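Comments concern the structure below.
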Amino acid sequence: MEMIRTICCKLTLDATADAHLRATQVAFNMAATWCAAVGWQLGIANKITLHDHVYYPIRAQFALGAQLTCCARDKAVEAIKTVRQHGDTSCPPFGPTSSIRYDARSYSLLASDQVSLNTLHGRVRATLILGDFQRQALADSAWAIGGAELIRRDATWYLHVTQNQPVPVHRPIRSSIGCDLGIVNLCTTDDGTQFSGATVKRIREKRFRHRQRLQKRGTRNAKRRLKKNSRKEQRFQKDINHCMSKTLVKKAVVEQKALRLEDLTHIRQRTEATVRRSQRRQHSSWAFRQLRDYITYKAQQVGIPVILVNPRDTSRRCFVCGHIDNANRKTQAAFHCQNPSCGHIAAADVNAAKNIAFWAEVSQPIASPLRR
Ligand SMILES: [Zn+2]
Numbered sequence: 003m004e005m006i007r008t009i010c011c012k013l014t015l016d017a018t019a020d021a022h023l024r025a026t027q028v029a030f031n032m033a034a035t036w037c038a039a040v041g042w043q044l045g046i047a048n049k050i051t052l053h054d055h056v057y058y059p060i061r062a063q064f065a066l067g068a069q070l071t072c073c074a075r076d077k078a079v080e081a082i083k084t085v086r087q088h089g090d091t092s093c094p095p096f097g098p099t100s101s102i103r104y105d106a107r108s109y110s111l112l113a114s115d116q117v118s119l120n121t122l123h124g125r126v127r128a129t130l131i132l133g134d135f136q137r138q139a140l141a142d143s144a145w146a147i148g149g150a151e152l153i154r155r156d157a158t159w160y161l162h163v164t165q166n167q168p169v170p171v172h173r174p175i176r177s178s179i180g181c182d183l184g185i186v187n188l189c190t191t192d193d194g195t196q197f198s199g200a201t202v203k204r205i206r207e208k209r210f211r212h213r214q215r216l217q218k219r220g221t222r223n224a225k226r227r228l229k230k231n232s233r234k235e236q237r238f239q240k241d242i243n244h245c246m247s248k249t250l251v252k253k254a255v256v257e258q259k260a261l262r263l264e265d266l267t268h269i270r271q272r273t274e275a276t277v278r279r280s281q282r283r284q285h286s287s288w289a290f291r292q293l294r295d296y297i298t299y300k301a302q303q304v305g306i307p308v309i310l311v312n313p314r315d316t317s318r319r320c321f322v323c324g325h326i327d328n329a330n331r332k333t334q335a336a337f338h339c340q341n342p343s344c345g346h347i348a349a350a351d352v353n354a355a356k357n358i359a360f361w362a363e364v365s366q367p368i369a370s371p372l373r374r
């Protein structure tokens, strides 16, 4: 299995290079559109099989070189596959400003932030505008440079370079850490480690009231501040999720355990149905999905498996005796087993985290590698 990431870089280039790339972009997408139509008609969604039908016609009709012809074919085949998966009845054309696909042989990264790109008129050079993050990422020898997508937005070109790395061999794993996600405590693990939601809640409430005041006012200035606040809130949420995922993955490495999380599609449904309205606002806006993505990404980098489990009954089942009863959950915080021969008492989210760690059935073995 491979991990894939994409590094986005802005380009600067001279007028000749720009003109060559624009012409190539039009020809490339006409070729890919034609190729997709042929593949669709013949019922072929395999690169090698389609190759014989399209290679020479593309070169003759659209004047593309050998490499770009193969890239257009690949773009077409991927589109056919996607369209088939969705059960559509035709294959849509690519617009003249759609991206140009480059494989590892049709472009190259050069010294001093230069890139050389294949066009209809030979290779052109452009300069990559790199920040520290991009420069480090592209120079990181642990990641191999793969293909790239060249995109034009208005008059600016961007190169999205993909990099890949094999997923590290899994460590010896002894058992799992169960993670219960919630509102009062954002995350509770089965050994009782908690990430409190108090700060998040306080700040969220404050922002929410502020937002309401601004919305009521409705002036242009108020609208600008609303937008600014929402960006601030997203950054804040991202920070919390980064921090929490980092701590959880570190814990898993130290204890040599896998991480078990509830399958989030279910979490969403459950909270919509059962959580009070005032809480729902905080809950559904809280990016659980983002948290899971961060955990999965960080865990994969160090070879820790992430296991998603079915969240059914995790909060109302007794961890000790297995008795399932709504009445077990005395309050939001307290769990008290109603089975007379058991009577187990625990913090509700610790009980849930233990169910996730030990009893809940696996709904997907391991989350798939993420694209960034
Ligand atoms: Zn019990």
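Residues in the sequence shown are numbered consecutively from 3, following the numbering used here.
Built from N, CA and C at the ideal position, the CB exists for glycine as well.
Model, not experiment: these values are computed from the prediction.
beta-carbon residue i near ligand 1 non-hydrogen atom, thresh 7 Å
| i | result |
| --- | --- |
| V79 | no |
| V322 | yes |
| H244 | no |
| N328 | no |
| H346 | yes |
| C11 | no |
| H325 | yes |
| C377 | Outside the displayed span of the chain (3 to 374) sits residue 377, for which this structure offers no information. |
| N341 | yes |
Rounded distance between the beta-carbons of residue j and residue i, thought under 8 Å
| i | j | result |
| --- | --- | --- |
| A106 | G148 | 6 Å |
| H338 | K332 | 5 Å |
| E257 | I179 | 7 Å |
| D158 | T8 | Position check: residue 158 holds Thr in this sequence, whereas Asp was assumed. At roughly 17 Å, the Cβ-Cβ gap does not stay under 8 Å, so T158 and T8 are not in contact. |
| N2 | A260 | As shown, the chain starts at 3 and ends at 374. That puts residue 2 outside it, with no answer to give. |
Residue j beta carbon less than 8 Å from that of residue i
| i | j | result |
| --- | --- | --- |
| K265 | S365 | One detail in the question is off: residue 265 reads as Asp in this sequence, not Lys. Yes. Within cutoff. |
| L183 | F290 | yes |
| C73 | I358 | no |
| V352 | T190 | yes |
| D415 | A355 | This structure does not reach residue 415, given that the chain is present from 3 up to 374, and the question cannot be answered. |
| V126 | A19 | yes |
| I60 | A38 | no |
| A350 | A329 | no |
| K248 | K300 | yes |
| I205 | F238 | yes |
| V251 | V304 | yes |
| Q69 | S108 | yes |
| L130 | D142 | no |
| R213 | L228 | yes |
| R314 | D327 | no |
| I306 | L263 | no |
| Q302 | M5 | yes |
| Q167 | A200 | no |
| R209 | N231 | yes |
| C10 | Y160 | yes |
| V40 | H53 | no |
Any chain D beta carbon closer than 8 Å to residue i
| i | result |
| --- | --- |
| H212 | The structure shown has no chain D; it contains just one protein chain. |
Inter-stretch contact at 8 Å, needing at least 3 Cβ pairs: the stretch 119–137 / the stretch 6–26: For the pair of segments examined, the stretch 119–137 was found to touch the stretch 6–26: the number of CB pairs separated by less than 8 Å reaches three.
At least 3 beta-carbon pairs within less than 8 Å: the stretch 151–163 vs the stretch 90–109: The stretch 151–163, when compared against the stretch 90–109, does touch it at the 8 Å Cβ threshold.
Given 8 Å, three or more beta-carbon pairs between the stretch 6–14 and the stretch 40–52: No: the two stretches stay apart, fewer than three of their Cβ pairs being nearer than 8 Å.
Three or more C-beta pairs below 8 Å linking the stretch 127–138 and the stretch 69–86: When C-beta atoms of the stretch 127–138 are compared with those of the stretch 69–86, fewer than three pairs fall below 8 Å, so the two segments do not count as touching.
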